[in-house]
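What follows is a short report on a single structure.
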Amino acid sequence: MKSLLILLSMALLLVACSQTPKPSLYQQLGEEAGITAITDHLLHQIEHDPLIVHHFRDTDIPRFRRLLMEQLCELSGGPCVYSGATMEESHTGLNLNTRDFDRLVNHLISAMQQQGIPYGAQNQLLALLAPMYPEVIGR
Amino acid sequence: MNNLVMCVFFALLALPVQAGSRVLATGGATTIEGSAGGGIVPWAVINGYGSDDEWSVQAFGSRVGVDDFTLHSAGVGLSFDNRWELSYARQQFKLDTIGGQLRQDIVGVKYRLAGQLLYTSLPQISLGLQYKRHLDFELPSLVGAHSRSGVDLYLAASKVWLDAIAGRNLLLNGTIRATQANQTGLLGFGNADQQRHQLMFEGSAALLLTHHLAVGVEFRQKPNRLAFADEQHWRDVFVAWFVNPNLSVTAAYVDLGDIAGLPSQQGWYLSLEGSW
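Protein chains in written order, with the UniProt record's numbering: chain A, 1 to 139; chain B, 1 to 276.
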């Protein structure tokens, strides 16, 4: 009887768990609307940062915005395909240094904070972006 | 001296100055010896939040109170380019039970050789040097210490794994130190027979629970050269609160083992650090 009860409760637990799967990163970022808001916060931060805004002088901002949203969507497991150039290609000639990268990371964190993204999801996204550092710096 | 540092410290705290471009908490805390790290182990991180071509200044004050001793430590630091770190600390070790005090000055230099704590698969690797000079050498000399001053050389590797445990970031640090110091220099350097450097291992692990809060553990292996009393390894468990890039507070429970024949020295550590 006791073991039956345990079996039953385990079965219930399994069902309960399978019915509430862990939300994907894309979902935790708020899907399309969330990623749009994060991107816009980020662009706003960049626009008001005199130390990095000059790197965007020759950038087509609407196109950059669209590609960044695509990239964040694809990276986080959303239903998008990034259609832009490779990170090496798109950062060639910009000669970005670690300070630029640090500032961008801080702006992204601040954008995710403003959007109320959970800390764990913020770190998941940062963990996906950090490996791009060598592809972006000093080109 | 301590009072002067604390005055400068609080005066600077009142200034809302830009602290540099690096991400919060990546400067670590400041050790009792003035180098960036945990509380007792220097890490490969460069103090403050300066990134490429940026300067940063730090000031810190800390107190460790164990059963029979109290250590006050205070100092200042200067970092440049997330590459160089210069530091000065004055330690005042009060022998609460025995009576009297021991003081030493520590001048530190650290140079980042390679890696970026957050971004590269290679850990951040730094080489550091601490020149220590005792100011009350009479007592250490009486218990068998050979020299008034000594140099510690260390190689540290630190790395943060983003999203490592339950979405939290994990920092691991390993440090190899070559030292002649007895009780980190508070009991002088070397003994009558041995002045050569010995290699010691030091390690830290910290988990960032939020952008502002970290918890961790540290271990510091120590030599045991003075015949009059056993010296033991140090360890601690800490909580660090990075209030903002200008201010951090670290609290720890420390186990310093036997010191100068007095057994099982345990107690609390509190450190306040400002960075601009």
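All C-beta atoms, glycine included, are put in the ideal place defined by N, C-alpha and C.
Treat the numbers as computed from the prediction; the structure is a model and nothing was measured.
Local Cβ density within 10 Å of residue i, reported as buried at 16 or more and exposed below that
i                : result
Val53 (chain B)  : First, the residue type needs correcting, since residue 53 (chain B) is Asp and not Val in the sequence shown. Flag for Asp53 (chain B) reads exposed.
Thr31 (chain B)  : buried
Phe201 (chain B) : exposed
Asn191 (chain B) : buried
Tyr269 (chain B) : buried
Glu273 (chain B) : buried
Trp55 (chain B)  : exposed
Glu231 (chain B) : buried
Ser83 (chain A)  : exposed
Leu113 (chain B) : exposed
Asn244 (chain B) : exposed
His134 (chain B) : buried
Ala85 (chain A)  : exposed
Leu213 (chain B) : exposed
Ile61 (chain A)  : exposed
Pro50 (chain A)  : exposed
Cβ separation of residue i and residue j, assumed to be a contact under 8 Å, to the nearest whole Å
i                : j                : result
Leu129 (chain B) : Val151 (chain B) : 6 Å
Leu78 (chain B)  : Val109 (chain B) : With 8 Å as the limit, Leu78 (chain B) and Val109 (chain B) do not qualify as a contact, their Cβ atoms being about 10 Å apart.
Tyr119 (chain B) : Arg83 (chain B)  : Their Cβ separation, rounded to whole angstroms, is 15 Å, which puts Tyr119 (chain B) and Arg83 (chain B) out of contact at 8 Å.
Phe60 (chain B)  : Gly75 (chain B)  : 6 Å
Ser76 (chain A)  : Leu25 (chain A)  : 4 Å
Gly38 (chain B)  : Gly216 (chain B) : 7 Å
Leu71 (chain B)  : Gln91 (chain B)  : 6 Å
DSSP beta-bridge partners of residue i
i                : result
Asn173 (chain B) : B:Ser158, B:Ser204
His134 (chain B) : B:Gln104
Asn244 (chain B) : B:Leu247
Asn191 (chain B) : B:Ala145
Ala29 (chain B)  : B:Gly37
Trp276 (chain B) : Answer is none; Trp276 (chain B) lacks a bridge partner.
Tyr88 (chain B)  : B:Val76, B:Val107
Leu67 (chain A)  : According to DSSP, Leu67 (chain A) bridges with nothing at all.
C-beta atoms of residue i and residue j nearer than 7 Å
i                : j                : result
Ala19 (chain B)  : Ser204 (chain B) : no
Asp136 (chain B) : Asp96 (chain B)  : no
Ser51 (chain B)  : Arg99 (chain A)  : yes
Glu218 (chain B) : Ile46 (chain B)  : no
Leu172 (chain B) : Ala164 (chain B) : no
Ala156 (chain B) : Trp43 (chain B)  : yes
Gly27 (chain B)  : Gly48 (chain B)  : yes
Leu42 (chain A)  : Ala121 (chain A) : no
Gln241 (chain B) : Val254 (chain B) : According to the sequence provided, residue 241 (chain B) is Trp. The question's Gln does not apply to it. Not a contact, by the Cβ cut-off of 7 Å.
Met69 (chain A)  : Thr39 (chain A)  : yes
Gly167 (chain B) : Asn123 (chain A) : yes
Arg220 (chain B) : Asn182 (chain B) : no
Which residues, in chain order, does the stretch 21 to 35 of chain B contribute to contact with chain A at a C-beta distance below 9 Å?
Of all residues in the stretch 21 to 35 of chain B, only Ser21, Arg22, Val23, Leu24, Thr26 come within less than 9 Å of chain A when Cβ atoms are compared, listed by chain position.
Of the residues that make up the stretch 46 to 68 of chain B, which ones have a beta carbon closer than 7 Å to any beta carbon in chain A?
Ser51, Asp52, Asp53, Glu54
Give the residues from the stretch 208 to 219 of chain B that approach chain A closer than 9 Å (Cβ to any Cβ), ordered along the chain.
Under the 9 Å Cβ criterion, the stretch 208 to 219 of chain B contributes Leu208, Leu209, Thr210, His211.
Under 9 Å (Cβ pairs) to chain A, residues found in the stretch 119 to 144 of chain B:
Tyr119, Thr120, Ser121
Using a Cβ-Cβ cut-off of less than 9 Å, give me the residues of the stretch 165 to 181 of chain B that come near chain A, in sequence order.
Against chain A - using a Cβ distance shorter than 9 Å - the residues of the stretch 165 to 181 of chain B are Ala166, Gly167, Arg168, Asn169.
For the stretch 70 to 84 of chain B, which residues have a CB atom closer than 8 Å to at least one CB atom of chain A, in sequence order?
Asn82
Relative to chain A, which residues along the stretch 151 to 165 of chain B have a C-beta separation below 7 Å, given in chain order?
Leu162, Asp163
Looking at chain B, which residues of the stretch 105 to 124 of chain A have a Cβ within less than 9 Å of any of its Cβ atoms?
Val105, Asn106, Ile109, Gln113, Pro118, Tyr119, Gly120, Ala121, Gln122, Asn123, Gln124
Using a Cβ-Cβ cut-off of less than 9 Å, give me the residues of the stretch 97 to 119 of chain B that come near chain A, in sequence order.
Answer in chain order: Gln116, Leu118, Tyr119.
Could you run through the stretch 87 to 104 of chain A and flag, in chain order, every residue whose CB is less than 9 Å away from some CB of chain B?
So the close ones are Asn97, Thr98, Arg99, Asp100, Phe101, Asp102, Arg103.
Mind listing which residues of the stretch 124 to 136 of chain A have their C-beta closer than 8 Å to chain B's C-betas, in chain order?
Gln124, Leu126, Ala127, Ala130, Pro131, Tyr133, Pro134
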